[in-house]
Amino acid sequence: MTVIKVIADSVCDVPPEVAARLDITLVPAVITIGDKSYLDDGKEITRETFFDLLPTLPQLPKTSACPLGLSRDLIAAQAARADHLILITAPARLSSIYNNFRLAAEEVAAGRYTLLDSGQVTMGAGFQVILAAEMAAAGAGMDEIAAAINRLHPRTHVYAALNTLENIYKSGRVGWVSAVAGRLLQIKPLVELSEGDVKSLDNIRTFKRAIDRLIEIGLSHGRLDRLAVLHTNNPEAAAQVRAAMAPVYPPQDALIVNVNPALGVHVGAKGVGLALVNHSA
Amino acid sequence: MTEQTSNSSISFMLDGQAYKQLLLAGMFWLEQHYQIVNQLNVFPVPDGDTGINMLLTMQSAYGEIAELDEVHVGRIARRFARGAVNGSRGNSGVILSQIWRGFAEALREQETLDATALANACQTGTNFAYDAAPKPPREGTILTVVREVSERVQDLVQNEHNLGAVFSAMVVQANDTLQRTPDMLPILKEAGVVDSGGQGLTYIFEGMLRQIRGESLETELEQAAASVTDRKPRLQVMSAAEFGHPYDVQLLLTGKNLDVDRIRAAIESMGDSAIVTSDGDALIKIHVHVYDPGRPISYAAEQGIVGDVVVENMYEQYLANLGSEAPEQATLGPTVELAPDDVAVIAVAPGEGLARVFYEQGAARIVSGGQTMNPSTEEIYNAILDLPVHKVILLPNNANVIMAAQQAVRKCKEKQVAVVASKTIPQGIAAMLVYANSRLHQDQRENLDRLAAGMTSSLSQVISGEVTTAVRSVDMDGVRASAGQIIGLLEDKLVVAGDNLPQLVHDLVGKLDTDECELVTLYYGNNVTARDAEALAETLQAAYESLTFEVLSGGQPHYFYLLSAE
Chain L
1 MTVIKVIADS VCDVPPEVAA RLDITLVPAV ITIGDKSYLD DGKEITRETF
51 FDLLPTLPQL PKTSACPLGL SRDLIAAQAA RADHLILITA PARLSSIYNN
101 FRLAAEEVAA GRYTLLDSGQ VTMGAGFQVI LAAEMAAAGA GMDEIAAAIN
151 RLHPRTHVYA ALNTLENIYK SGRVGWVSAV AGRLLQIKPL VELSEGDVKS
201 LDNIRTFKRA IDRLIEIGLS HGRLDRLAVL HTNNPEAAAQ VRAAMAPVYP
251 PQDALIVNVN PALGVHVGAK GVGLALVNHS A
Chain G
282 MTEQTSNSSI SFMLDGQAYK QLLLAGMFWL EQHYQIVNQL NVFPVPDGDT
332 GINMLLTMQS AYGEIAELDE VHVGRIARRF ARGAVNGSRG NSGVILSQIW
382 RGFAEALREQ ETLDATALAN ACQTGTNFAY DAAPKPPREG TILTVVREVS
432 ERVQDLVQNE HNLGAVFSAM VVQANDTLQR TPDMLPILKE AGVVDSGGQG
482 LTYIFEGMLR QIRGESLETE LEQAAASVTD RKPRLQVMSA AEFGHPYDVQ
532 LLLTGKNLDV DRIRAAIESM GDSAIVTSDG DALIKIHVHV YDPGRPISYA
582 AEQGIVGDVV VENMYEQYLA NLGSEAPEQA TLGPTVELAP DDVAVIAVAP
632 GEGLARVFYE QGAARIVSGG QTMNPSTEEI YNAILDLPVH KVILLPNNAN
682 VIMAAQQAVR KCKEKQVAVV ASKTIPQGIA AMLVYANSRL HQDQRENLDR
732 LAAGMTSSLS QVISGEVTTA VRSVDMDGVR ASAGQIIGLL EDKLVVAGDN
782 LPQLVHDLVG KLDTDECELV TLYYGNNVTA RDAEALAETL QAAYESLTFE
832 VLSGGQPHYF YLLSAE
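Residue numbers (this note's numbering), protein chains in the order written: chain L, 1 to 281; chain G, 282 to 847.
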């Protein structure tokens, strides 16, 4: 049997316990706060600490792909124990990790890897990673896995209720935000994240109503195959949303994920979101 | 094996240690300028990180050779490349590390570096960089800079062997290419910047050139500063409101037995960035940012003798530094662009500030009016006819206007018109948000009935409050007020009366179910100053931490404040 191992970048947000269970290697991104850098590996800095810190920082932290040397070493270690590697990354147009993985894998696993641009952020990508690892463990072949990921992609949606406009405004990457931020009225936007774009679904005056609307949108998808409740240090809101999603997905199976800093720096602290996969007919 | 004449800019051959010095100088020169590189950001915000990513890559690279006594150029180049790859950060850092890998590949067997070897290194470095870049490679970036430099060097070394001259040509070419990057990449042109990665590489080559010429590697600060202003990306101009306290006030206070803690507390309450330092109890230095520079000065004059007063208007300075005129006050008028099939909204509002809020959320027309000056059916009817659309929603925003609006609908046979029966301004604004959201979704902006129903259901989302003067004595809902007193109402019920305006607003907010609310908006009338309204909101914010207070100019007559809670 061909042994296939899955490697993903930490921006895919697969929870560490899930990664351990499914033998997924997570390559940490680098977070730079002021002139200090940390690996997003849960050890050098935890996500809780990061989001506690975020609102107090005068300048937005920066995030980048990990050094090529580190991704190469992590990929080499997996290459030594597998016949083939699947590498899944955040959208190539948003992050240099795709190119980083390509260079590293060319060096240490040439001809023995498949590199996939997830086209999604946070658990939108994470679901692809988990699916790949589940199928690899069950003995599926590379073509089968790639085809399954292709089918998963269009059924995946990521939504978020932002608790602040400040971060996404400061980050300057989303065109419509400056128009909203420049308005007289306070707005808590509800957004959809897809293919690296941030699309405004609704402009809402209070966070409480933004959560209600998030749940409404989640429930409108009907029965789900997978669900993760995302948050940026707002476990209370995440728990509330998970319970409210019970009609379409069993709460005990829904993952609760504190989002990675690379995305979180734009989303801002105390936000809450949903990553879901529609039921396949 | 360094062969140099007395003129340090003429050298034909460098050994490994001399090459190491070149690399160090390249890193050092980038270090002097990396913040400039960071600022070359295509996004209009100061968070670029290309400079720091390239610098960290260079530092990691140099870290590998810092302790090496190696004189073999090829071995220095190989270790340097390894360090660069291991520490590479960001796209620009990765590409830079690949340039050094190419150098290492080309220089592998070179004991020394000469012009031909340098040309080969540039060539291989370029190839490695293109291979490593995301596909398809983008021109107008660091790639173009390294490629054109390499091409220039290939030509030059046919008959030029002096490394000083070669590096000099590299820097000239790099700068020339760099200045053309905005012509190759439209986003650079829009942002008014050159490519950041290309600029970083140019600094590295410049540092190497300076080393080979024996020139100083200390930055000429003025020159660096000039180049920052030349290339500073266009930032969004802050409005006076966003800027906050405009006046910077500094003064010295002398006196006897000055209580520095008490003075500090008083100064801090006046604005922000307060710094109050004392030299014993006889001399206190005060610095604070405020709206009214008179306040800290008058206060200090009451405490002792005031000297060395400096008042500066920081907002004026900010605008002057931007080199721009003060931003024009947004003109009052519709912001919405309507297609003939779209639904348009006509809102009734008293006061310019409120009109501005309605226009901003997409109202097509404001009919002036409200409590004491109800617009006529005719005025509303004419506004409906005047709009270039067939479907119109009316927001009366006042209980006394609803009937006139309904009458206008009956009168109007030409168009489809619906009334969303908003009784207050806050209700009207809640309904307006629903309208604004419908315009985000193409499929919803044309359905009059569904839109009107959605807007109507939002009316109950807000609690409306009003603060005004009692025109006669009343005893209502268990509250007694005499004529001329200030009264506060919630949802049309008299809940508080008093003589002190700020205190009364506090009491009014106290009557809200604060567990159910998150956001309180105060629209101040034409009888309240912006400063008083801001000051009130600050004390409210301190008293009710779980709520967010928002202050907007309403400009309405008679009502000190209109309040919305949601």
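C-beta atoms are modelled at their ideal positions from N, C-alpha and C, and glycine is treated no differently.
Keep in mind that this is a model prediction, so the values were computed, not measured.
Non-local beta-carbon contacts of L:Val180 in its own chain, meaning distances under 6 angstroms to residues more than five positions away in sequence, involve Ile187 in chain order. Less than 8 angstroms divides the Cβ of G:Leu303 from the Cβ of G:Gln492. For a Cβ distance threshold of 7 angstroms, residue set Asp202 and Asn203 of chain L lies close to G:Asn718, ordered along the chain.
The stretch 581-597 of chain G makes contact with the stretch 526-542 of chain G; the number of CB pairs closer than 8 angstroms reaches 3 or more. For L:Lys36, no chain G residue has a Cβ inside 8 angstroms of its Cβ, as the nearest lies near 12 angstroms away.
L:Lys208 belongs to the set of residues whose beta carbon lies under 8 angstroms from a beta carbon in chain G. Taking a C-beta distance under 8 angstroms as the contact criterion, G:Val569 and G:Met551 qualify as a contact pair. Contacts with chain L (Cβ-Cβ distance below 7 angstroms) from the stretch 788-807 of chain G involve Glu799 and Leu800, listed in chain order.
Of the other Cβ atoms in all chains shown, 16 or more fall within 10 Å of the Cβ of L:Asp202; this residue is therefore buried.
Interface residue (Cβ-Cβ distance to chain G less than 8 angstroms): L:Leu152 is not classified as such. Here the stretch 704-719 of chain G does not lie against the stretch 812-820 of chain G, with fewer than 3 beta-carbon pairs under 8 angstroms apart. Burial check for G:Arg637: the Cβ neighbour count within 10 Å reaches 16 or more, so the residue is buried. Residues of the stretch 96-112 of chain L whose Cβ lies closer than 8 angstroms to any Cβ of chain G, in chain order: Ser96, Tyr98, Asn99, Asn100 and Leu103. Secondary structure remark: continuous alpha helix (DSSP H) runs of at least 4 residues inside the stretch 173-243 of chain L, in chain order: 175-181 and 207-219. Contact between the stretch 291-298 of chain G and the stretch 189-203 of chain L is absent, with fewer than three C-beta pairs closer than 8 angstroms. The three-state secondary structure of G:Gln391, taken from DSSP, is coil. Burial state of G:Thr810 is exposed, judged by a 10 Å Cβ sphere holding fewer than 16 other Cβ atoms. Among the residues facing chain G, L:Ser118 is not included, as its CB has no counterpart in that chain under 8 angstroms away.
Counted as a single uninterrupted DSSP element, the stretch harbouring L:Ser71 is not any beta strand (DSSP E) but the alpha helix (DSSP H) occupying residues Leu68 to Ala79. In this structure, G:Arg360 lies near G:Glu345, with their beta-carbon atoms less than 8 angstroms apart.
In terms of Cα proximity to L:Ala77, the closest of L:Ala132, L:Ala104 and L:Ala140 is L:Ala104. The beta-bridge partner set that DSSP reports for G:Val673 consists of G:Ala625 and G:Val698.
Under the Cβ distance rule, G:Leu635 does not count among the residues neighbouring chain L, no pair being separated by less than 8 angstroms. By the Cβ test, the stretch 656-672 of chain G is not in contact with the stretch 828-844 of chain G, since fewer than three Cβ pairs between them sit closer than 8 angstroms. L:Gly196 has a beta carbon lying at 8 angstroms or more from every beta carbon in chain G. Closer than 8 angstroms to the CB of L:Gln240 there is not a single CB belonging to chain G. According to the DSSP assignment, G:Glu351 belongs to no alpha helix (DSSP H), since it is labelled neither H nor E. L:Val267 has a beta carbon lying at 8 angstroms or more from every beta carbon in chain G.
Apart from sequence neighbours up to five positions away, the residues of its chain that approach G:Ala396 with a beta-carbon distance below 7 angstroms are Val438, Glu441, His442, Leu444 and Val447, ordered along the chain. Against chain G, a Cβ distance below 9 angstroms from L:Gln186 picks out Leu800, Thr802, Thr829 and Glu831. The Cβ of L:Pro67 sits closer than 8 angstroms to at least one Cβ of chain G. Within the stretch 117-175 of chain L, complete beta strand (DSSP E) segments of at least 3 residues are found at 156-161, given in chain order. Two segments are said to touch when three or more pairs of C-beta atoms, one from each, lie closer than 8 angstroms; by this definition the stretch 161-173 of chain L does not touch the stretch 130-140 of chain L. Contact check for G:Tyr842 against G:Val743 fails: the beta carbons are separated by 8 angstroms or more. At least one beta carbon of chain L lies nearer than 8 angstroms to the beta carbon of G:Pro415. Beta-bridge pairing by DSSP links G:Ala762 to G:Val755.
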